[in-house]
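Report on the following structure.
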Amino acid sequence: MQPTTRHIVILGGGTAGTIMANRLARHYAGDIKSGEIDITVVDENDVHVYQPGLLFLPFGMYDADDIVKPRGKQLPSSAHYLQARIAQVDSAQSRVLLENGTALPYDVLIIATGTRTAPEETEGMTGPGWQEKVFDWYTLEGSRALAKALSTFEGGNLVISITDMPIKCPVAPLEFAFLADWYLQERGIRDKVTISYVTPLDAAFTKKAAAAALAHLLEEKGIQLVTEFATGSIDGAAGKLVSFDEREVPFDLLAVVPVHAGAEFLTKTPGLANAMGFVKTDPATLQSQHQPNIFALGDATDVPASKAGSVAHFEAEVLEQNVIRFLDGKPFTDTFDGHANCFIETGFHKALLIDFNYDTDPVSGHFPFSVGPLTLLKESRLNHLGKMAFKYVYWHALLPGYDLPGVPTHMSLSGKDL
Amino acid sequence: MFAGATVEVDSEGFLQDPAQWTKEIAEAIAAANGIPELTDRHWLVLHFMRDTFLTTGTAPTIRSLGKESGVEVKELYKLFPKGPAKLAAKICGIPKPHGCI
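These protein sequence lines are chains A and B, in that order.
Using the numbering used here, the letters of the first sequence correspond one by one to residues 2 to 419.
Using the numbering used here, the letters of the second sequence correspond one by one to residues 906 to 1006.
Here's what the structure looks like:
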């Protein structure tokens, strides 16, 4: 007798979706062979971008070939990979409708469609000057175009601005400011440039101790910090950012992080996502608050954790267990604690490291990594080497879904100055 | 002390326990922050924000307030000058929004 096949459908083949597919394919290797489990990953294109690399592109430290690979190659060969556009999740019938008319039934649906930049949300952003002196460097095209503009920049006001939170990698705009300072010094024109960092937050970063350390670094590097600036519109022709409360910041070159939103199709299923298209997700179990057989991870969720690859990786370890237990009809035992860690590149071959979760803010101390202790919240060369080595780790250990040695899923308090 | 009631607040004046909040407290906080009178438009935002926090545990951002509360972002800045998300959170008696990292 043929066994009944249970279908796991994963929407999105980015960092989170790929890690999940690889982990589940490994766990269910025997069941996939016997036809009891079937895994399908859907994505609309076959371009997997190593997103941390987008930060280095504008400064000529990487080029596009270094950071782009086919999605299909990163996925397990035992999973089906469908390159198709998703029309809608039909949660009442437990199936995903594709734009080509196919319906994919699922026993478990995992949403990992990430987040997209939505420049059209801000008045004037894509108007005059777009891709000439206004650049969204969170996309491959934008980041490459900005590299060109920076290489011929003669001087004036360089503005780095965050339109609204949440955004992918909340530290990347700060790293951009630090690297710009370094890059312009190397080009010998730093004294002709005013660098400003414009944020809707009331400090350089959301978390207190880190914000203080980072504000200090901005000051040291002569970068102006403009806080509580909620960008209402951009006038590219006149070269100015205008806030909702009618303040203005002039620019000659603007590196902007647009508003972020979830995949558009998610808003077509009532109750599945919030107004910005992020899946309403239980922050601990990663189960959808809409239906029990739907789960979400990575940037696609609305959980109050950082939108970063490290978070997707930590979530994947918890979610793998929860999906397995769900399919076995057992209660969940593992919970996600909001763990995130990231290197913060500060230029001149140095970087900081932060490690935190839902309850514990980033603090100073040491992170006991297998290659040696990395300093938390303090610049060091070893942290920079860690950041640069991460590209290799990403393709060869993180995406394949292996546990990283010395990097626990749940945040450890060991080594931290609490 | 707000409106004759003793409530627990953080160093910036945000209520720590949303259950201690009353409309009188809201009016007192608003007045102390330069809003002499809370209109129906203010209350629309305040109720939306408080309900969102109580059901999801997270305060809405400016943009989601603008999309879901029934009051557009520009008007939010008129109703709650400077930082509407933060000021509305303070008045509706929920902890300070963390800007969702």
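For glycine and all other residues, C-beta sits at the position ideal for the given N, C-alpha and C.
Legend entry - Range covered by the beta strand (DSSP E) that runs through A:Y198: V194 to V199
Legend entry - Neighbourhood of A:T207 by C-beta, 7 angstroms cutoff - its chain only, sequence neighbours within 5 removed: P171
Inset, instruction - Select from the region 251-276 of chain A all residues with a C-beta closer than 8 angstroms to any C-beta belonging to chain B, and list them in chain order. - result: V260, N275 and A276
Inset, instruction - To the nearest angstrom, report how far apart A:W131 and A:L56 are at their CA atoms. - result: 19 angstroms
Inset, instruction - Can you grab the Cα-Cα spacing for the pair B:F919 / B:F907, in whole Å? - result: Each residue's alpha carbon lies about 12 angstroms from the other.
Inset, instruction - Over the uninterrupted beta strand (DSSP E) stretch that includes A:T41, give me the two end residues. - result: It spans I38 to D44 - the beta strand (DSSP E) in which A:T41 sits, taken as one unbroken run.
Inset, instruction - Report the three-state DSSP secondary structure of A:H437 (helix, strand or coil). - result: For residue 437 of chain A there is no data in the structure shown, the boundaries of chain A being 2 and 419.
Inset, instruction - Answer yes or no: does any C-beta atom of chain B fall closer than 8 angstroms to that of A:P305? - result: Closer than 8 angstroms to some Cβ of chain B, the Cβ of A:P305 qualifies, so yes.
Inset, instruction - Consult DSSP for A:F252 and reduce its assignment to one of helix, strand or coil. - result: coil
Legend entry - Positions along the region 109-141 of chain A whose CB lies within less than 9 angstroms of some CB in chain B: E122
Inset, instruction - Along the beta strand (DSSP E) that carries A:E346, what are the first and last residues, could you check? - result: A341 to G348
Inset, instruction - Give the single residue among A:T336, A:G31 and A:D44 whose Cα lies nearest to the Cα of A:I11. - result: A:D44
Legend entry - Close beta carbons around A:A148, own chain, < 7 angstroms, minus the five adjacent residues each side: L58, P59 and G61
Inset, instruction - Closer than 6 angstroms by C-beta to A:G272: which residues in its own chain qualify, once you throw out the five before and the five after it? Chain order, please. - result: For A:G272, the CB contacts under 6 angstroms within the same chain, skipping 5 residues up- and downstream, are H291 in chain order.
Legend entry - Residue-level contact to chain A via CB, B:V950, 8 angstroms cutoff: No, no contact with chain A.
Legend entry - Buried versus exposed, by CB contacts within 10 Å (16 or more), A:P332: exposed
Legend entry - According to DSSP, residues forming a beta bridge with A:Y393: BP columns for A:Y393 are empty, so no partner.
Inset, instruction - Could you confirm whether any beta carbon from chain B is found closer than 8 angstroms to the beta carbon of A:M166? - result: yes
Inset, instruction - Specify the secondary structure class of A:V172 as computed by DSSP and reduced to three states. - result: coil
Inset, instruction - Give a yes or no on whether 8 angstroms exceeds the smallest Cβ distance from A:F344 to chain B. - result: no
Legend entry - Against chain A: residues of the region 979-1002 of chain B by CB proximity under 9 angstroms: K979, L981, Y982, P986, K987, G988, P989, A990 and K991
Inset, instruction - Please decide whether A:E316 counts as near chain B, where near means a Cβ-Cβ distance under 8 angstroms. - result: Using a Cβ-Cβ cut-off of 8 angstroms, A:E316 does not count as an interface residue toward chain B, since no Cβ of chain B sits closer than that to its own.
Legend entry - B:C1005 at chain A interface by Cβ criterion, 8 angstroms: With a pLDDT of 48 at B:C1005, under the threshold of 50, the modelled position of that residue is not reliable, and the figure given next carries that caveat. Interface residue, yes.
Legend entry - Cut-off 7 angstroms between Cβ atoms - residues of its own chain near A:L1, not counting five sequence neighbours on either side: Summary: the structure shown does not reach residue 1 of chain A, with chain A confined to residues 2 through 419, and so no result is reported for it.
Legend entry - Nearest-angstrom beta carbon gap, A:M166 and A:P120 [assumed within contact, 8 angstroms]: That belief does not hold up - the Cβ atoms of A:P120 and A:M166 are roughly 16 angstroms apart, past 8 angstroms.
Legend entry - Below-8 angstroms beta-carbon distance, B:I967 vs any chain A residue: yes
Inset, instruction - Provide the residue span of the alpha helix (DSSP H) that contains A:V319, from first to last. - result: Note, A:V319: alpha helix (DSSP H), G310 to L328.
Inset, instruction - With DSSP as the reference, label A:K70 as helix, strand or coil. - result: strand
Inset, instruction - Would you list, in chain order, the members of the region 211-232 of chain A that have their beta-carbon closer than 7 angstroms to a beta-carbon of chain B? - result: E229 and A231
Legend entry - Bridge partners - A:K351, DSSP secondary structure assignment: A:G348
Legend entry - Residues that DSSP places opposite A:W131 in a beta bridge: A:V135
Legend entry - Pair within 8 angstroms by beta-carbon distance, A:A341 and A:A309: yes
Legend entry - Proximal residues of chain B, C-beta to C-beta of A:D246 below 8 angstroms: Y982, P986 and K987
Inset, instruction - Can you give me the start and stop residues for the alpha helix (DSSP H) that A:D32 sits inside? - result: A30 to K34
Inset, instruction - Please name the residue, chosen from A:N275, A:Y393, A:A146 and A:G416, that lies closest to A:L405 on a Cα-to-Cα basis. - result: A:Y393
Legend entry - Spatial neighbours of A:D362 in its chain, beta-carbon cut-off 8 angstroms, leaving aside the 5 residues before and after: Contacts found: K208, K209, A210 and A211.
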